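J.: Residue numbers (our numbering): 2 to 148. Glycine is no exception: its CB is placed at the ideal position from the N, C-alpha and C atoms. In this text, all values refer to a predicted model and were calculated from it rather than measured experimentally. After the structure tokens below, expect a handful of questions from me.
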Ligand SMILES: [Cu+2]
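Here is the structure:
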């Protein structure tokens, strides 16, 4: 049986086009970006898909296994964006994971990570340095009283 050329082309185009037409959406961006190194913890994590989602089934942000995330939701102005509040400011590696329902009803899971390095060393060490200075002053006072 001979299939007419134009019909064959149309059939192939339809079959090739099907997966993307029926396929679910992908992550197009996250805030913070994957691998980002931040000076302080973000107020929230955003994961944006290329198409609107039905719902957020679950989401977590963990630092050394401890959850720092609040209740996740879809952004009011953009049903393609998952918003995960960060309610506990911690330094270190932040592991983000989520499961959403795409518009086609498929559950999509994803992960990403970023890190928070916290304040610079001098600021962190300032209280220690102040305490050492105060201790030094006390030691001198004791030494002069003993002399
Ligand atoms: Cu799908």
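Hey, could you find the ends of the beta strand (DSSP E) residue 61 is sitting in?
T.: The sequence position of residue 61 within the chain shown is 60, counting from 1. Looking at the DSSP string, the run of the beta strand (DSSP E) that includes residue 61 is 54 to 64.
J.: Evaluate the contact criterion for the region 102 to 109 versus the region 124 to 139: three or more CB pairs, one atom per stretch, below 8 Å.
T.: no
J.: Is it buried or exposed for residue 45, if we count other Cβ within 10 angstroms and need 16 for buried?
T.: Along the chain shown, read from residue 1 onward, the residue named residue 45 stands at position 44. Flag for residue 45 reads buried.
J.: Terminal residues of the continuous beta strand (DSSP E) containing residue 81?
T.: Locating residue 81 in the chain shown gives position 80, counting from the first residue. Element bounds for residue 81: 79 to 86.
J.: With 16 as the cutoff for other CB atoms within 10 Å, does residue 117 come out buried or exposed?
T.: Here residue 117 is taken as the residue at index 116 of the chain shown, counted from 1. Buried, because 16 or more other Cβ atoms sit within 10 Å of the Cβ of residue 117.
J.: Looking only at its chain, what residues have a beta carbon closer than 6 Å to the beta carbon of residue 1, apart from the 5 residues adjacent to it on each side?
T.: Look at the range of the chain in this structure, 2 to 148, and you will see that residue 1 is not part of it.
J.: Going by beta carbon distance, what residues of the same chain come within less than 6 Å of residue 110, once the five residues before and after it are set aside?
T.: In the chain shown, the residue the question calls residue 110 occupies position 109. Closer than 6 Å at the Cβ level, and outside the excluded window around residue 110, lie 100.
J.: Let me know if residue 31 comes out buried or exposed under the rule of 16 or more other beta-carbons within 10 Å of its beta-carbon.
T.: Residue 31 sits at position 30 when you count from the first residue of the chain shown. For residue 31, the number of other beta carbons within 10 angstroms of its own is at least 16, and it is reported as buried.
J.: Let me check you understand the geometry: is the CB of residue 103 closer than 7 Å to at least one non-hydrogen atom of ligand 1?
T.: Indexing the chain shown from 1 puts residue 103 at position 102. The answer is yes for residue 103.
J.: Specify the secondary structure class of residue 138 as computed by DSSP and reduced to three states.
T.: Mapped onto the chain shown, residue 138 falls at position 137. If DSSP states are grouped into helix, strand and coil, residue 138 belongs with the helices.
J.: Which residues share a DSSP beta bridge with residue 106?
T.: Mapped onto the chain shown, residue 106 falls at position 105. Residue 106 pairs with nothing; no bridge assigned.
J.: Do residue 25 and ligand 1 come close, with the Cβ less than 7 Å from some heavy atom?
T.: Residue numbering aside, residue 25 sits at position 24 when the chain shown is read from its first letter. Yes - ligand 1 has a heavy atom lying nearer than 7 Å to the Cβ of residue 25.
J.: Between the alpha carbons of residue 37 and residue 70, how many angstroms are there, rounded?
T.: Counted from its first residue, the chain shown places residue 37 at position 36. Counted from its first residue, the chain shown places residue 70 at position 69. Computed Cα separation, rounded: 18 Å.
J.: Tell me whether residue 129 sits in a helix, a strand or coil according to DSSP, three-state version.
T.: For the purposes of this step, residue 129 is identified with residue 128 of the chain shown, where counting begins at 1. Helix at residue 129.
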